[in-house]
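Number of protein chains: 4
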Amino acid sequence: MAAATRLFSERGYDRTSVQEIVEAAGVTKGALYHYFGSKDDLLHEIYGRLLRLQQDRLDGYADADEPVEARLRRAAADVVVTTIDNLDDARIFFRSMHQLSPEKQKQVRAERRRYHERFRDLVAEGQRRGVFNAATPPDLVVDYHFGSVHHLSTWYRPDGRLSPQEVAEHLADLLMRALRP
Amino acid sequence: MAAATRLFSERGYDRTSVQEIVEAAGVTKGALYHYFGSKDDLLHEIYGRLLRLQQDRLDGYADADEPVEARLRRAAADVVVTTIDNLDDARIFFRSMHQLSPEKQKQVRAERRRYHERFRDLVAEGQRRGVFNAATPPDLVVDYHFGSVHHLSTWYRPDGRLSPQEVAEHLADLLMRALRP
Amino acid sequence: MAAATRLFSERGYDRTSVQEIVEAAGVTKGALYHYFGSKDDLLHEIYGRLLRLQQDRLDGYADADEPVEARLRRAAADVVVTTIDNLDDARIFFRSMHQLSPEKQKQVRAERRRYHERFRDLVAEGQRRGVFNAATPPDLVVDYHFGSVHHLSTWYRPDGRLSPQEVAEHLADLLMRALRP
Amino acid sequence: MAAATRLFSERGYDRTSVQEIVEAAGVTKGALYHYFGSKDDLLHEIYGRLLRLQQDRLDGYADADEPVEARLRRAAADVVVTTIDNLDDARIFFRSMHQLSPEKQKQVRAERRRYHERFRDLVAEGQRRGVFNAATPPDLVVDYHFGSVHHLSTWYRPDGRLSPQEVAEHLADLLMRALRP
DNA sequence: AATGAATGAGTGTTCATTCAT
DNA sequence: AATGAATGAACACTCATTCAT
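Protein chains in written order, with full-length UniProt numbering: chain B, 1 to 181; chain X, 1 to 181; chain W, 1 to 181; chain R, 1 to 181.
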């Protein structure tokens with residue numbers, strides 16, 4: 001999976017052959033197919049790994065005993081750091097969704113929706129409580145923020161000027177300022 | 001090109017065969033290759049078309065004789081509308097960049113950088129004049145906004161609740177609020 | 001024809017496309033097909049040109065009023081010089097015969113046989129007269145010599161140490177020595 | 001390889017499709033490409049096979065404990081027999097060299113040069129010892145002889161009047177006579 | 001558990017030739 | 001006389017997957 005993740009991220013799912021994966025991993029095709037039913041399965045596992053990770057972290061922040069502003073801010077910043085820390089997974093996630101088989105795509109979409117909704121509920125809660133500006137539909141706020149998270153895999157370079165934490169702080173600041181009443 | 005655009009957007013560049021394109025377009029392979037040097041060339045043309053369109057529109061707004069807040073707001077909203085109006089192109093743009101040949105990719109990146117810089121200069125100008133919050137590096141502000149534009153091709157549905165203009169107003173509002181001093 | 005000759009010699013007949021020929025010649029496909037019925041025709045013309053040239057020269061030497069040794073020697077040396085002077089044609093000749101259409105191949109073979117026979121008759125005449133060693137069948141002597149002529153297109157370089165005349169003298173010497181009684 | 005050899009010899013390398021090879025061999029394309037990296041590879045293997053065979057035989061004769069005249073004569077005759085015995089390989093060799101990829105061509109040329117040099121050294125040795133005529137540069141002598149060997153694939157027919165051994169004796173005689181002091 | 005030879009349908013691309021203009 | 005768009009069959013090669021061992 002590590003080999004597949006690196007290769008999928010580098011050249012894209014369709015441009016990576018099973019032969020290249022097994023060579024990079026130092027195993028044989030037979031062995032790969034013994035553990036994964038298909039190439040598509042490999043991709044699905046990568047999706048699952050990232051989705052579980054992000055969901056767990058979001059749940060942790062959302063359930064915390066803090067004001068909603070603090071909870072949203074932490075969650076918004078954390079997803080940035082986690083995405084940068086798993087940039088290969090993230091790049092695959094946003095680029096290769098349509099290359100999953102329809103049924104697996106459906107499943108991934110469902111998990112992603114759960115994630116989106118949890119995040120949206122934080123926004124909606126803040127709007128209800130009057131601590132956030134209610135002019136924008138909360139779904140749109142979430143898409144606004146996650147667009148920028150998604151976009152990280154396009155422009156972020158580990159050797160750039162800003163650390164993951166700094167980027168996370170800036171992006172969380174932008175979100176929180178956009179939500180000021 | 002219309003047939004190719006639709007198919008690339010639907011199933012992705014690598015999943016679309018030249019055979020499918022020519023069948024959808026009602027021409028023969030020979031005819032296609034008479035006008036386009038390669039499949040990659042087709043993709044490049046689609047990129048060029050969208051890039052020119054967006055650049056022209058941005059230039060129009062940036063050069064206008066208005067306060068910088070108004071110019072940035074109009075540009076930020078317009079790119080949303082234009083993206084939604086060309087959602088197939090946009091989906092291809094964000095998904096298939098890495099499937100372009102390296103030299104064409106370089107060229108596209110250069111044009112995209114020009115676009116980014118023009119937009120960034122508006123942000124920087126507002127920050128210099130003190131009408132925008134200067135806490136966030138202007139490049140990051142641009143990536144924040146364009147992340148959400150990029151993301152549109154993932155979630156926006158023409159039959160959804162919000163019209164392109166409404167989405168554009170909301171997203172531009174979010175940006176302007178995030179930039180309030 | 002000059003463009004085609006150069007290209008056929010450089011990359012071989014099958015590796016040269018009609019498109020490349022017309023581009024090199026600065027004409028269009030339509031124009032080429034106006035004057036030549038097919039690509040194969042072009043090749044045939046090149047064959048014809050060289051065959052006529054060599055046959056004319058051989059006839060000139062064979063008909064001369066000299067002892068047979070002198071006539072053979074001159075003919076043997078001259079074909080070397082003429083081949084080197086038309087090395088592109090010669091390379092095409094020996095390499096691409098099998099790429100001619102069957103009927104054109106037949107025709108070329110017939111002309112070549114005439115050429116071979118004329119040369120062979122000189123050898124046979126010398127053997128009858130007792131000035132040449134008669135141990136070797138004259139056809140074989142001709143193939144021996146023409147093998148080396150054929151081979152020139154493989155190894156001869158215009159910038160090499162030996163001039164065409166020097167090579168010709170050496171090869172004619174070898175032949176004449178091999179024919180000493 | 002047997003199927004490929006026959007087909008390449010019959011219709012030429014470029015005129016033989018991989019499809020035809022696999023059909024003649026009774027295997028599938030996939031199977032062929034499992035063992036050979038490319039069509040070019042197949043050709044290269046055929047070259048290698050003939051080159052190794054000829055080099056081994058030449059080395060055997062050149063290293064023998066005999067006067068140089070005898071060693072050269074045997075080598076010169078043997079290459080004729082071996083060439084006739086492998087006439088398909090030989091025809092491919094002389095006709096299709098330029099269809100090999102540049103780097104493989106380079107390699108083949110290098111091996112061929114080794115072969116040429118070994119042969120040439122026998123000629124030079126005889127010239128030094130005074131048993132051969134020294135008027136002709138030894139490289140040219142070798143090209144003279146190998147031209148005729150090369151040429152065999154053009155004219156020799158197994159059902160002709162002369163057996164391989166007879167042809168070999170005649171051609172070796174011609175060479176030895178040409179080299180008499 | 002693991003191998004790797006084999007499959008067969010599919011890929012993007014090329015090309016000599018034609019023909020309406 | 002000349003154009004160049006169009007054809008359509010062919011090309012070398014790839015690849016996810018299977019399966020006997």
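All C-beta atoms in this analysis are idealised placements derived from N, C-alpha and C, irrespective of residue type, glycine included.
Cβ separation of residue i and residue j, assumed to be a contact under 8 Å, to the nearest whole Å
i        : j        : result
B:Ala77  : B:Glu169 : 6 Å
R:Gly147 : W:His116 : Not confirmed; about 15 Å, so no contact.
R:Leu179 : R:Gly126 : 7 Å
W:Ala62  : W:Arg118 : 6 Å
R:Val18  : R:Leu32  : 7 Å
W:Gly60  : R:Gln99  : That pair is no contact at about 37 Å.
B:Arg73  : B:Met176 : 6 Å
X:Phe93  : X:Leu50  : 6 Å
R:Arg129 : R:Val68  : 6 Å
X:Val108 : X:Tyr156 : 23 Å between Cβ atoms; not a contact.
B:Thr136 : X:Leu174 : 6 Å
W:Arg71  : W:Leu122 : 6 Å
X:Lys104 : X:His44  : 5 Å
R:Pro102 : R:Asn133 : 39 Å between Cβ atoms; not a contact.
B:Asp14  : X:Asp14  : 4 Å
Buried or exposed (CB count within 10 angstroms, at least 16 for buried), residue i
i        : result
W:His145 : buried
R:Met97  : buried
W:Pro138 : buried
R:Gly37  : exposed
B:Thr28  : exposed
W:Tyr35  : exposed
W:Lys39  : buried
X:Ala4   : buried
B:Asp56  : exposed
R:Asp143 : buried
X:Ala2   : exposed
R:Gln54  : buried
W:Ala110 : exposed
W:Ser9   : buried
W:Ser163 : exposed
X:Ala124 : buried
Run of the alpha helix (DSSP H) containing residue i, from where it starts to where it stops
i                      : result
R:Val27                : Premise fails: R:Val27 is in no alpha helix (DSSP H) and is neither H nor E.
B:Asp159               : Here B:Asp159 belongs to no alpha helix (DSSP H), and DSSP marks it neither H nor E.
B:Gln127               : 102–129
B:Gln99                : Unbroken run through B:Gln99: none, as it is neither H nor E.
R:Leu42                : 39–62
W:Ser148               : 138–155
X:Arg11                : 2–11
residue 246 of chain X : There is no way to answer for residue 246 of chain X, as the model of chain X reaches only from 1 to 181.
Residue i Cβ short of 8 Å to the ligand SAH heavy atom set
i        : result
X:Ala178 : Ligands are entirely absent from the displayed structure, and the ligand SAH is therefore not among its contents.
Could you run through the region 96–112 of chain X and flag, in chain order, every residue whose CB is less than 7 Å away from some CB of chain B? Of all residues in the region 96–112 of chain X, His98, Gln99 have a Cβ within less than 7 Å of some Cβ in chain B.
Can you pull out the residues from the region 148–171 of chain R whose beta carbon lies closer than 8 Å to at least one beta carbon of chain W? Ser148, Val149, His150, His151, Leu152, Thr154, Trp155, Leu162, Val167, His170, Leu171: these are the residues of the region 148–171 of chain R whose beta carbon lies less than 8 Å from some beta carbon of chain W, given in chain order.
Please list, in chain order, the residues of the region 113–136 of chain R that have any C-beta partner in chain W closer than 8 Å. Asn133, Ala135, Thr136
For the region 15–33 of chain W against the region 81–88 of chain W, are there 3 or more C-beta pairs whose distance is under 8 Å? no
Please list the residues of the region 56–89 of chain B that have a C-beta atom closer than 9 Å to any C-beta atom in chain X, keeping them in chain order. Per Cβ criterion, the list is empty.
Looking at chain B, which residues of the region 28–46 of chain X have a Cβ within less than 8 Å of any of its Cβ atoms? none
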